[in-house]
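A short write-up of the structure that comes next.
In this note's numbering, the protein residues as written are 148 to 252.
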């Protein structure tokens, strides 16, 4: 999934609990599904960010190089401005973009 083009909110929004509960029939199951998906998104974003920042890694520490690396700063700022992973996961749940299976079924 492309998390950069998500339309999830970047700030806190009041949610209708009935909408969240309607997806699974149980608010607690919905919360668990959102939490697990949020963790998956977080891991994927962290791996992507780490791989992009590895390009700028250097074996020697040069003070000038640390302050002059604008590209690395721009990449970090971009990832900081993305919506929180739980907001992305909740948006996916409400838009029926998540597949989940209950173990007892």
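Ideal Cβ placement from N, Cα and C applies to all residues, glycine included.
Check your understanding: Can you give, in chain order, each stretch of the beta strand (DSSP E) that sits fully within the segment 155–239 and has at least 3 residues?
Key -> The segment 155–239 contains no whole beta strand (DSSP E) run of 3 or more residues.
Check your understanding: Rounded to whole angstroms, how far is the Cβ of residue 239 from the Cβ of residue 245, which I believe are closer than 8 Å?
Key -> So it is a contact: roughly 5 Å between Cβ atoms.
Review point. Which residue from 171, 232, 198, 156 puts its Cα closest to that of residue 119?
Key: What the structure shows of the chain is the stretch from 148 to 252, and residue 119 is not part of that stretch, so it cannot be assessed.
**Study point:** DSSP three-state assignment for residue 241, whether helix, strand or coil
**Key:** Helix at residue 241.
Check your understanding: Near residue 228, what residues of its chain come up, given a Cβ to Cβ distance below 8 Å and the 5 sequence neighbours on each side ignored?
Key -> Correct list, in chain order: 157.
Point to revise | residue 169 versus residue 230 - alpha carbon distance | key: Between residue 169 and residue 230, the C-alpha separation is close to 24 Å.
Practice item. Since I believe residue 174 is in contact with residue 167 (beta carbons under 8 Å), could you give me their beta-carbon distance rounded to a whole number of angstroms? Key: That pair is a contact at about 6 Å.
Point to revise | Beta-carbon contacts of residue 236 that lie in its chain and below 7 Å, excluding the five residues immediately before and after | key: Hits under 7 Å: 181, 184, 185, 188.
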